[in-house]
Ligand code: SF4
Ligand code: SF4
């Protein structure tokens, strides 16, 4: 064993490798992405890793490996579980032979997701055991425990970290590579009565699952990570209790001391809920505060426990308004809730940045900590910086070309999930809808059934096209839709950190493979108008959009230009101040963050640290005041 300072996601990757994982598949999504990347970076020979085209494919690949006796890990974020839910629900009934862990990272806040859904609730719906780590160290250990449990029970086991566990760092004691378990899969054994799902099998499986979960609720009551502790020692007789889980358990610990007389229940297995342990926890208490993030899972379970056992304990939490109903918990927000619960003086809400006086719970900056003044000056108000497309991003050029080409026409611009969702911001204002991965293509079709005179566009990134865009195009072509598909192809999965996908010609095993051609996929579906153009060739891009959009049926434009984050600029652009007349057309129409207007003169200068020399502003400046850029 040795110690390493690891991010939670790295700790879980090492935990999976130490547990002898054979096959790892996933789809990138914050906050889960680094798990698979860390496995790929540290794996020994014989461990297979892939970025699958989407979470459903990843889960099915992992299931196949587990059918053959391998230890298999599948990784995704919480909204990815929606995509993978079809096979997961059936897999819960069919089961697995080798250990299978489904790692789903939840995103309280949400910080980088469409929804704040809680995978603890999903686990109960899918009737699968779930482990909820509260630190990187625990997440490391839970990976091995989850594989063992999965093999023993013959079903997938979910491990569900949240963002602060995924991205938090800790000094973790981990196994040396020589100590990693070596798992040699037996191989797939044909047995249709086991592996082919039919209603008769499901009838038996459902009954067995209900028996198993009831048994697990008892067994999990003695699981070492489900704990009951008392702040004032084991001999104290507290009347108040706090029930918590995950990262919130550490926030609770930070806000309690031995001076408080409280009993604390920490639930690491929210499903099946360890009811016998919870009943012991409730014994003798008058009131319990449930400190949870996302859904009130523990709160509901404790209310049910009280009802079933005739206990008269008041259960408080999200459902009673004592814990914030949504959003991410913090040490401070949990502290205020505990202060109120224990009757302590409640700290002020943190003041907005720049306001004064400072709330007692607001973190102090390094400068303030060094200050010897009794009342140091309030920190300056920080400017609000909305998310924006990078300087030189080819998506800006694509949106701008469509915007110019369609000026004056009745249009609909359906967006999708990726960096290019930022095309919604001013001055582009080119995303009218965004729902979930791949949805824009179908939403465009739906709107045109109601408004046939609307010129409908669906923007989709290259990675999303492969993940869940293709079925939408097939639907559009089959059902005779009239729309323009715009594939924003920057040849990477940019938003999650530039993972490869089928169009990049690289795999996570390091192989160089034949690229899956987006053009050929579209032509094979049956589209006859498929045009590829560099969006930074502005006039040609505008002309292409005008021409293609007026074709009947489903047609496609592929705007292909590499992500600027992956390439060094060749030469940046500069503004000739003699020629600049201060019209600010470049700023008003493009919104490139490298264009800096001078408030006194109205003229513009270019921030060479940001400019990539994409030349888009050069092409639209009416006085040709900008020059020098060189496209990638
Ligand atoms: S050339 Fe113009 S539009 Fe392109 S990155 Fe530089 S300033 Fe921005
Ligand atoms: S578009 Fe040209 S003339 Fe107008 S502000 Fe920008 S650089 Fe100056």
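Numbering (this note's numbering), first residue to last: 59 to 690. Backbone N, C-alpha and C fix where the C-beta goes; we use that ideal spot for every residue, glycine too.
In the structure shown, residue 276 adopts helical secondary structure according to DSSP, grouped into three states.
For secondary structure counted as the beta strand (DSSP E) over 3 or more consecutive residues, the region 121-145 holds these complete runs in sequence order: 130-135.
Annotation: residue 221 to residue 160 spans about 16 Å, alpha carbon to alpha carbon. One alpha carbon belongs to residue 178, the other to residue 164, and they sit about 9 Å apart. Exclusion of the five residues before and after residue 491 leaves 472, 473, 498, 501 as the residues of its chain whose Cβ lies within less than 7 Å of its Cβ. Leaving aside the five residues that flank residue 394 on each side, the residues in its chain whose CB is nearer than 8 Å to its CB run, in chain order, 404, 405, 407, 419. Closest in C-alpha terms to residue 455, from the list 539, 620, 443, 286, comes 620. Straight across, the Cα-Cα distance linking residue 100 with residue 72 is about 8 Å.
Nearest to residue 180 by alpha-carbon distance, out of 200, 144, 158, is 144.
The beta-carbon distance between residue 339 and residue 299, rounded to whole angstroms, is 6 Å. This is short enough to meet the 8 Å contact definition.
Between residue 583 and the set 595, 558, 611, 569, the nearest pair of CA atoms involves 611.
For residue 333, there is no enclosing beta strand (DSSP E); the enclosing alpha helix (DSSP H) covers residues 333-340. Going by C-alpha positions, residue 513 is about 14 Å away from residue 615. With distances taken between CA atoms, residue 384 lies nearest to 349 out of 399, 658, 349, 251.
Here the C-alpha atom of residue 479 lies approximately 20 Å from the C-alpha atom of residue 140. The closest heavy atom of ligand 1 lies less than 7 Å from the beta carbon of residue 450. Assigned with DSSP and collapsed to three states, residue 70 falls in helix.
At the C-beta level, residue 336 and residue 323 come within 8 Å of one another.
Listed in chain order, the beta strand (DSSP E) elements of length 3 or more contained wholly in the region 279-360 are 285-288, 298-302, 320-324, 345-349.
Here residue 614 carries a strand assignment [DSSP, helix/strand/coil]. Per DSSP, residue 107 is one residue of the beta strand (DSSP E) stretching across 106-109.
Considering only 109, 152, 198, the residue with the shortest C-alpha distance to residue 65 is 198. Where residue 62 is concerned, the enclosing beta strand (DSSP E) starts and stops at 60-65.
DSSP, reduced to helix, strand and coil, places residue 237 within a helical segment of the structure shown. Across the set 441, 236, 521, the C-alpha of 521 shows the shortest separation from the C-alpha of residue 477. Rounded to whole angstroms, residue 259 and residue 252 show a C-alpha spacing of 8 Å. Rounded to the nearest angstrom, the gap between the Cα atoms of residue 438 and residue 390 is 22 Å. Residue 87 and residue 134 do touch by the CB rule: their CB atoms are close to 6 Å apart, below 8 Å.
According to the DSSP assignment, residue 675 belongs to the alpha helix (DSSP H) that extends over 674-678. In the structure shown, residue 246 falls within a coil segment according to DSSP collapsed to helix, strand and coil. Taking all protein chains in view, the Cβ of residue 370 is surrounded by fewer than 16 other Cβ atoms within 10 Å, so the residue is classified as exposed. For residue 235 and residue 359, the gap between their C-alpha atoms comes out near 40 Å.
With contacts defined by Cβ atoms closer than 8 Å, residue 176 and residue 400 do not form a contacting pair. Bounds of any beta strand (DSSP E) do not take in residue 392; it lies within the alpha helix (DSSP H) bounded by 389-400. Excluding its 5 nearest sequence neighbours in each direction, residue 169 has C-beta neighbours in its own chain below 8 Å: 88, 89, 221, 386, listed in chain order. CA-CA distance, residue 318 to residue 328, rounds to 26 Å.
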